[in-house]
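Trainee: Numbering (this note's numbering), first residue to last: 240 to 340. All residues carry an ideal CB built from backbone N, CA and C; glycine is no exception. All figures in this text were calculated on a predicted structure; none of them were measured in a lab.
(1) So residue 296 and residue 264 are in contact, right, with Cβ under 8 Å, and what is the actual spacing, rounded?
(2) Rounded to whole angstroms, what's the CA-CA distance from residue 307 to residue 290? Just pull it up for me.
(3) Closest to residue 247 by C-alpha separation, out of 284, 311 and 330, would be which residue?
(4) Give every residue of the same chain whose Cβ lies closer than 8 Å to the Cβ of residue 252, excluding the five residues on either side of it in the sequence, and list them in chain order.
(5) Under the assumption that residue 333 contacts residue 250 (Cβ atoms under 8 Å), give the Cβ distance between them as a whole number of angstroms.
(6) With the cut-off set at 7 Å, would you say residue 272 and residue 288 are in Cβ contact?
(7) Does the beta-carbon distance from residue 284 to residue 276 come in below 7 Å?
(8) Identify whether residue 340 lies in helix, strand or coil by the three-state DSSP scheme.
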């Protein structure tokens, strides 16, 4: 039971760390867009990538709000199985995302 009770702080810290990363991506949007484009790009290509990135980050922030509401309301906070599955899924997604970089 001690291991499962440690999942709540782990999940909270991981959730906040992920939120900080998304906010940082919003702030450094310009350099991230330029890094994904070829050395010579048109303003239309830049605008298209900017719209895609803003849309993806906006959806991410919206889903964070839903997840934080569920977490802080207690619906999923003390469910050890759900916290373990959430942490494993987040680790898998982070690992898959790092392979693409």
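Mentor: This is what the structure holds:
(1) Numbered from its first residue, the chain shown carries residue 296 at position 57. Numbered from its first residue, the chain shown carries residue 264 at position 25. Between residue 264 and residue 296 the Cβ distance is about 6 Å, and since that is below 8 Å, they are a contact.
(2) Your numbering for residue 307 matches position 68 in the chain shown. Your numbering for residue 290 matches position 51 in the chain shown. Cα-Cα distance, rounded: 26 Å.
(3) Stepping through the chain shown from its first residue, residue 247 is reached at position 8. The candidate whose alpha carbon is nearest that of residue 247 is 311.
(4) Stepping through the chain shown from its first residue, residue 252 is reached at position 13. Hits under 8 Å: none found.
(5) On the chain shown, residue 333 is found 94 positions in, with the first residue counted as 1. On the chain shown, residue 250 is found 11 positions in, with the first residue counted as 1. About 14 Å separates the two Cβ atoms, so there is no contact after all.
(6) Sequence index remark: in the chain shown, residue 272 carries index 33 (1-based). Sequence index remark: in the chain shown, residue 288 carries index 49 (1-based). Their beta carbons are under 7 Å apart, which means residue 272 touches residue 288 by this criterion.
(7) If you number the chain shown from 1, residue 284 lands on position 45. If you number the chain shown from 1, residue 276 lands on position 37. Their beta carbons are under 7 Å apart, which means residue 284 touches residue 276 by this criterion.
(8) As a first step, residue 340 is located in the chain shown; it is residue number 101 there, counting from the start. For residue 340, the pLDDT reaches just 49, beneath the cut-off of 50, and the residue's location in the model is therefore unreliable, although a value from the coordinates is still provided. Of the three classes helix, strand and coil, the one that applies to residue 340 here is coil, per DSSP.
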